[in-house]
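These notes are about the structure you will find just below.
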Amino acid sequence: MANQMVLLFPYFNHKASRRNQILQKKMEQEQQQQPHTSSSHVLIFPLPAQGHVNSMLKLAELLAHAGLKVTFLNSHFIHQQLLHHTDILSRFAKYAGFQFKTILDGVPDDHPRVGSDFVRKLFDGLELITKPLFKEMLVNSKPKVDCIIGDGVLGLALDIADELGIPIIQFRTISACSLWAYFAIPDMIHAGELPIKGNEDMDRLITSVPGMEAFLRCRDLPSFCRASDTKDSILQQIAQETRKNSEARGLLLNTFEDLEGPILSHMRTKFPKIYTIGPLNLHLKTRLFKSDQTSSGPSSNNFRKVDRSCLSWLDKQQKGSVVYVSFGSLAVLSREQVFEFWFGLVNSGKRFLWVLRPDNMPENGGGDDKGVSIPIELIEGTQKRGYSVSWAPQEEVLAHEAVGGFLTQRMEFNIGECGGRSAYDLLALLC
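Here it is as structure tokens:
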């Protein structure tokens, strides 16, 4: 029987691949057959990363639901992951005029695609490989693209749009507070508040970000702001791309005025055309409900295989009793960092659900250590009060009544130090 199953796997993979090809072709044919209307054609281009694609797919579905022609441009690698793990083709097939297109991102498919090394390679590849391909795609687009909604960290989209005379609106997937701090990076450098030096007090206030002078501390900044050299490529890349956002026709943010109104007021001095369109997940759910359409579920945009067993475990926990821990899809942790958080979770006495990716598992060679055994007290503590999966349906987890707290990364790419506090101290504050 085992041998039969091995022989059947290629057949199942072929069937799935063939089904996706048929659905893609059907979507393209239906778009070509649509009569000419005054509907505008919008191209949406996200950074090839989980959080960016997820948010911008929600925006794409809202626009398609409103009747616009939408082209969603994914990197080829990301699109293949979505085809493998989700139902995006069948889900979007109901929208006339919607199509997916792909483009190379310049990173080899066999790259692990985590950590700062990946981020540097990605930005280099986007500039050298993706940028000319993107220009060629726009020039030859039929129907022509009337407007681009580009990821706010993809300056190449802004450059090409300006060159071709196509209006562009940029979309940032982070909070307004984060974006405003990124915008102020050059000011922090000029004021001598960056770089953060050695073992200095991580509670030192940062006073160069208008509206945050009274509460923003060194420890609150993302890890790329910990660079010892202010000419660090990632630090400069984020700062430059953020400053360029002001050159677009408008800036979309997945937030709302009641949540970040004071900071948004400061931001409008530099970005006069800010549009707060969040929370996108709630807007989409509401629109689909009102039109009697069903959604495939909030986990349908994942790049990885989702382990839904954690939902059954959550069903058995008391309301508000579980700490949900996930450090995202890009962060890389060392053995010491994994164990520090793990001991903190176990010793906190709280129930926890931890998303621990295989490439972060010490015994699997994650981070910078290989072949490390897990202490028995961590195994036993997790069995008593915890549950761990390699990837979770995050939106469903966060909406679950058993979840009372969320511990996640406060940075973009690498887990930094805990600023002198142990993981147990952080969990005590959270719980």
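Plus 36 on top of the position in the sequence shown (first one is 1) and you've got the working numbering. Glycine included, every Cβ here is placed at the ideal spot set by N, Cα and C. Note that the structure is predicted; figures quoted are calculated from it, not measured.
Here's the rule: buried if 16 or more other CB atoms are within 10 angstroms of the residue's CB, otherwise exposed. What is residue i?
i	result
I412	exposed
V433	buried
Q276	exposed
S384	buried
H101	buried
T305	exposed
Q419	exposed
H88	buried
Q354	exposed
N110	buried
D265	exposed
G422	buried
G417	buried
H72	Residue placement at H72 is flagged as unreliable, the pLDDT there being 44, under the threshold of 50; a coordinate-derived value is accordingly withheld.
L95	buried
P82	buried
P334	The pLDDT assigned to P334 is 49, lower than 50, so where the model puts this residue is not dependable; a value taken from the coordinates is nonetheless given after this. Burial call: buried.
T387	Note that residue 387 is Arg in the sequence shown here, rather than Thr. Buried, because 16 or more other Cβ atoms sit within 10 Å of the Cβ of R387.
V150	buried
N90	buried
S301	exposed
H115	buried
L271	buried
L287	buried
R344	exposed
R127	buried
E229	buried
S244	buried
S327	exposed
G161	buried
V190	Note that residue 190 is Leu in the sequence shown, not Val. Classification for L190: buried.
G402	Any reading at G402 is ruled out, since the residue's pLDDT is 45, under 50, leaving its predicted position unreliable.
Could you please give the first and the last residue of the uninterrupted alpha helix (DSSP H) stretch that includes residue i?
i	result
S424	Where S424 is concerned, there is no enclosing alpha helix (DSSP H), although the beta strand (DSSP E) it sits in stretches over 422-425.
N338	Unbroken run through N338: none, as it is neither H nor E.
K321	316-326
S345	345-351
R371	371-383
L434	430-435
G356	No alpha helix (DSSP H) holds G356; DSSP gives it neither H nor E.
G191	191-200
Can you round the beta-carbon distance between residue i and residue j to whole angstroms, since I take them to be within the 8 angstroms contact cut?
i	j	result
R323	L98	6 angstroms
G201	A193	At roughly 14 angstroms, the Cβ-Cβ gap does not stay under 8 angstroms, so G201 and A193 are not in contact.
S362	A85	At roughly 15 angstroms, the Cβ-Cβ gap does not stay under 8 angstroms, so S362 and A85 are not in contact.
W427	N338	7 angstroms
V106	D182	Actually they do not touch by this definition, with Cβ atoms about 11 angstroms apart.
E296	A212	4 angstroms
M224	I242	6 angstroms
F260	I274	6 angstroms
C346	L389	6 angstroms
A367	Q430	Their Cβ separation, rounded to whole angstroms, is 14 angstroms, which puts A367 and Q430 out of contact at 8 angstroms.
I232	R262	6 angstroms
F113	D145	6 angstroms
C133	S75	Residue identity check: residue 133 is Gly in the sequence provided, not Cys. About 7 angstroms separates the two Cβ atoms, so the contact holds.
H121	R340	6 angstroms
Could you please give the first and the last residue of the uninterrupted beta strand (DSSP E) stretch that includes residue i?
i	result
Q135	134-139
D187	183-187
I310	310-312
H77	77-81
L443	439-444
L389	387-391
Report whether the distance from the Cβ of residue i to the nearest heavy atom of the ligand NAD is below 8 angstroms.
i	result
I410	Because no ligand of any kind appears in the structure shown, any question about the ligand NAD cannot be addressed here.
Notebook entry, point to check: Using 8 angstroms as the Cβ pair cut-off and three pairs as the minimum, do the stretch 205-213 and the stretch 273-285 touch?
Noted result: With a cut-off of 8 angstroms on Cβ pairs, the stretch 205-213 is in contact with the stretch 273-285, counting three or more such pairs.
Notebook entry, point to check: On the three-pair Cβ rule with 8 angstroms, is the stretch 164-178 touching the stretch 139-146?
Noted result: Contact between the stretch 164-178 and the stretch 139-146 is present, because at least three Cβ pairs lie under 8 angstroms.
Margin query: List, from N- to C-terminal side, the alpha helix (DSSP H) runs of 4 residues or more that fit wholly inside the stretch 254-307.
Written below: DSSP runs (the alpha helix (DSSP H)) wholly in the stretch 254-307: 269-280, 293-303.
Next item on the list: Determine contact between the stretch 307-326 and the stretch 289-297, defined as no fewer than three beta-carbon pairs at a distance below 8 angstroms.
Entry: Between the stretch 307-326 and the stretch 289-297 there are three or more inter-stretch CB-CB distances shorter than 8 angstroms, so the stretches are counted as touching.
Item checked: Segments of 4+ residues assigned as alpha helix (DSSP H) that fall wholly inside the stretch 208-263 -> Whole alpha helix (DSSP H) segments, 4+ residues: 212-219, 221-226.
Margin query: With three or more beta-carbon pairs closer than 8 angstroms as the criterion, would you say the stretch 348-364 touches the stretch 434-444?
Written below: Cβ pair count under 8 angstroms is three or more, so yes.
Note to self: Closer than 8 angstroms is the cut-off here; do at least three beta carbon pairs connect the stretch 253-270 with the stretch 234-245?
What the structure shows: Verdict: yes, contact present.
Checklist line | In chain order, each alpha helix (DSSP H) run of at least 4 residues that lies wholly inside the stretch 100-173 | finding: Entirely contained in the stretch 100-173, the alpha helix (DSSP H) runs reaching 4 residues are, in chain order, 112-121, 124-128, 151-161.
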